[in-house]
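Enquirer:
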Amino acid sequence: MKRSECKKKGGVGMGGVWGLLGPEQLPISRRTRSLGLAATIRRFNELAVPGMGGVWYGKRFLLATLGIVVAERLRQRGDKVQNIEVANAVEALACCLAFKGQGWQSDARLRGRTKLQGQTTDLSFKKVGRRGFYVSQPMRMAAVRALPALGFAENGTTRFNAFRASEEGEAFVEDACRPYSPYNRSVVDHLVKWVRGEENRTDTASLSEALSPLLALSGSACTQIRARLELGGKNEELDSRLRRRSALNWVASLDADPATDWGRPAEISDDRHWHDLRAGAAFFAVRDAAISTLNAVEGAMGAEGRPTSVDDAARRTEHSIDALRRATDRFLELGHRDAEALDFSRLCAADSPAQVLRGLVERDGRVLRLAGSEIQAAGAAFRGTTVEESSQADEDDDGPTGDVRVPSGISYRVRNLYLLNLDMQGRLGEWLQRNRSEAAHEQ
Numbered sequence: 036m037k038r039s040e041c042k043k044k045g046g047v048g049m050g051g052v053w054g055l056l057g058p059e060q061l062p063i064s065r066r067t068r069s070l071g072l073a074a075t076i077r078r079f080n081e082l083a084v085p086g087m088g089g090v091w092y093g094k095r096f097l098l099a100t101l102g103i104v105v106a107e108r109l110r111q112r113g114d115k116v117q118n119i120e121v122a123n124a125v126e127a128l129a130c131c132l133a134f135k136g137q138g139w140q141s142d143a144r145l146r147g148r149t150k151l152q153g154q155t156t157d158l159s160f161k162k163v164g165r166r167g168f169y170v171s172q173p174m175r176m177a178a179v180r181a182l183p184a185l186g187f188a189e190n191g192t193t194r195f196n197a198f199r200a201s202e203e204g205e206a207f208v209e210d211a212c213r214p215y216s217p218y219n220r221s222v223v224d225h226l227v228k229w230v231r232g233e234e235n236r237t238d239t240a241s242l243s244e245a246l247s248p249l250l251a252l253s254g255s256a257c258t259q260i261r262a263r264l265e266l267g268g269k270n271e272e273l274d275s276r277l278r279r280r281s282a283l284n285w286v287a288s289l290d291a292d293p294a295t296d297w298g299r300p301a302e303i304s305d306d307r308h309w310h311d312l313r314a315g316a317a318f319f320a321v322r323d324a325a326i327s328t329l330n331a332v333e334g335a336m337g338a339e340g341r342p343t344s345v346d347d348a349a350r351r352t353e354h355s356i357d358a359l360r361r362a363t364d365r366f367l368e369l370g371h372r373d374a375e376a377l378d379f380s381r382l383c384a385a386d387s388p389a390q391v392l393r394g395l396v397e398r399d400g401r402v403l404r405l406a407g408s409e410i411q412a413a414g415a416a417f418r419g420t421t422v423e424e425s426s427q428a429d430e431d432d433d434g435p436t437g438d439v440r441v442p443s444g445i446s447y448r449v450r451n452l453y454l455l456n457l458d459m460q461g462r463l464g465e466w467l468q469r470n471r472s473e474a475a476h477e478q
């Protein structure tokens, strides 16, 4: 088909009313323009590797499930706690201990260095669970979709506070924590006492190693993760399980046979799956080209945010609009039937460059806005220069970039699955170190 054919509040717990934790410093250069495409982007990512959320190493499964298990133990004893407050506090403790253990060096597997540094004298739950102690976007949030999809948790709703650890999730936590006995207790028992304020000691290598995102899980715990990836949760559709299993087999083969182009691998035997992977990558390119076009308009307006007419902006961004149309053609030629993706593509394929730009600015509204035939700065998000954007408009996409030899533009979930597979082999730390060294050498 050618052009012409066509995020809340938490609950009340032992620490009072609280929801998202305090903000962490974010790079000023990173923004996200969704253009109303967030659901479409998530849908293509889900078709690529179902049920994964944003998980790219095993400890994310553990910390989130461990938080649920500890909260359940506390409720069984009559304590009024919710999953979110316990899981967030456990994650904050894990990152704080790991940062402290490695001299506060940055690592992609850790979050909150700026917030946590200097807060290590009192690591009681009363302090760690306090609003503002940790970051506003805990790593737990990237696992919310994955836990029930893969069978680590059971849920009646999509709310994390409603999750219950499944039998498989309980077994996973027990297996992952078995090698560790902080103060001669199980990890779960120690954390229950920690939350209740009966035991504030956290300065033991056993607890730090059990929780640390920097250390891989035991071989038996990794075997359980692999089983969950292959079998999925009780209510997951067979097609989702088969797609994820095929993707796992594919990424496991990449060290020996890197996928540097879009030649179809033997591991992806389902025609629909491969079509969705290709179409997803093509649509991500359309979205990125649209963002580049809006960035070009913003740059032309300058730091002062001088209003410009749609016609003048279209003339000044002609090359960007042409690139957007080429990307749109490539997507439409694949014949994918996603209705929202097609609707956006038709907007980008409009005959008049001014029509294209008008449609994009109307969808934006956050950085640029339309006032009649004039484009104006919409507010504080406007910067008047070309800036880095979130490339796939998916809040779960926080994994590291680096040498993952997969076709250009493919869903970030394929990259994340490759990294998770490395982690299950005990090789993720080596990969991250190599990529840090290569990045430093290039600077």
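One gets the numbering used here by counting positions in the sequence shown from 1 and adding 35 to each. For each residue, glycine too, the CB sits at the ideal point set by N, CA and C.
Kindly provide the ranges of any beta strand (DSSP E) runs that are 3 or more residues long and lie completely inside the segment 313-339, ordered along the chain.
Expert: The qualifying runs do not exist here; there are none.
Enquirer: By Cβ distance below 7 Å, which residues in the same chain neighbour Glu271 in space, the five residues on each side in sequence not counted?
Expert: Your numbering for residue 271 matches position 236 in the sequence shown. If we look at Glu271 and ignore the five residues flanking it on each side, its Cβ neighbours are Gly86 and Ala184.
Enquirer: Among the residues of its own chain, which have a CB less than 6 Å from the CB of Gly461, if the five just before and after it don't count?
Expert: As a working note, residue 461 is residue 426 in the sequence shown. If we look at Gly461 and ignore the five residues flanking it on each side, its Cβ neighbours are Ala251.
Enquirer: Write down every uninterrupted run of the beta strand (DSSP E) in the segment 342-413 whose length is 3 residues or greater and which is fully enclosed by it, in chain order.
Expert: Within the segment 342-413, the complete beta strand (DSSP E) runs of at least 3 residues are 403-406 and 409-412.
Enquirer: What is the C-beta distance between Ala316 and Ile410, in whole angstroms, given that I count them as a contact (C-beta under 8 Å)?
Expert: Indexing the sequence shown from 1 puts residue 316 at position 281. Indexing the sequence shown from 1 puts residue 410 at position 375. With 8 Å as the limit, Ala316 and Ile410 do not qualify as a contact, their Cβ atoms being about 30 Å apart.
Enquirer: Pull up the DSSP beta-bridge partners for Glu189, would you.
Expert: For the purposes of this step, residue 189 is taken as residue 154 along the sequence shown, with counting starting at 1. DSSP output for Glu189 lists Arg199 as bridge partner(s).
Enquirer: In this structure, how does DSSP classify Phe160 when only helix, strand and coil are distinguished?
Expert: If you number the sequence shown from 1, residue 160 lands on position 125. Phe160: helix per DSSP, three-state reduction.
Enquirer: Could you give the distance in angstroms between the alpha-carbon of Leu377 and the alpha-carbon of Ala325?
Expert: The count along the sequence shown starts at 1 and reaches residue 377 at position 342. The count along the sequence shown starts at 1 and reaches residue 325 at position 290. Roughly 14 Å separates the two Cα atoms.
Enquirer: Give a yes or no on contact between the segment 121-129 and the segment 242-249, applying the rule of three or more CB pairs nearer than 8 Å.
Expert: In short, these stretches touch, since the Cβ pair count reaches three.
Enquirer: Using the C-alpha atoms, what's the distance from Arg199 back to Gly191?
Expert: For the purposes of this step, residue 191 is identified with residue 156 of the sequence shown, where counting begins at 1. For the purposes of this step, residue 199 is identified with residue 164 of the sequence shown, where counting begins at 1. Those two C-alpha atoms are separated by around 9 Å.
Enquirer: For the candidate residues Ala362, Thr155, Arg307 and Glu302, whose alpha-carbon lies nearest to that of Cys131?
Expert: As a working note, residue 131 is residue 96 in the sequence shown. That would be Thr155, whose Cα lies nearest to the Cα of Cys131.
Enquirer: Helix or strand or just coil, what does DSSP make of Asp458?
Expert: In the sequence shown, residue 458 corresponds to position 423, counting from 1. Helix.
Enquirer: So, at 7 Å on beta carbons, what are the nonlocal neighbours of Lys479 in its own chain, with the 5 sequence-adjacent residues on each side left out?
Expert: Outside the shown range of the chain (36 to 478) lies residue 479, about which nothing can therefore be said.
Enquirer: Grab the span of the alpha helix (DSSP H) containing Glu265 for me, first residue to last.
Expert: Taking the first residue of the sequence shown as position 1, residue 265 is located at position 230. Gly254 to Leu266 is the extent of the alpha helix (DSSP H) around Glu265.
Enquirer: Verify whether the separation of the beta carbon atoms of Ala211 and Ser253 is less than 8 Å.
Expert: Within the sequence shown, residue 211 is the residue found at index 176, counting from 1. Within the sequence shown, residue 253 is the residue found at index 218, counting from 1. In contact: Ala211 and Ser253 (Cβ atoms closer than 8 Å).
Enquirer: Would Gly232 be called buried (16 or more neighbouring beta carbons within 10 Å of its own) or exposed?
Expert: As a first step, residue 232 is located in the sequence shown; it is residue number 197 there, counting from the start. It is exposed - the Cβ of Gly232 has fewer than 16 other Cβ atoms within 10 Å.
Enquirer: How should Ser64 be labelled, buried or exposed, when 16 other C-beta atoms within 10 angstroms of its C-beta is the threshold for buried?
Expert: Residue mapping note: residue 64 aligns to position 29 of the sequence shown, counting from 1. Caution is warranted here: a pLDDT of 39 is assigned to Ser64, below 50, making its placement in the model unreliable, and the coordinate value is therefore given only provisionally. Counting Cβ neighbours within 10 Å, Ser64 comes out exposed, since fewer than 16 surround it.
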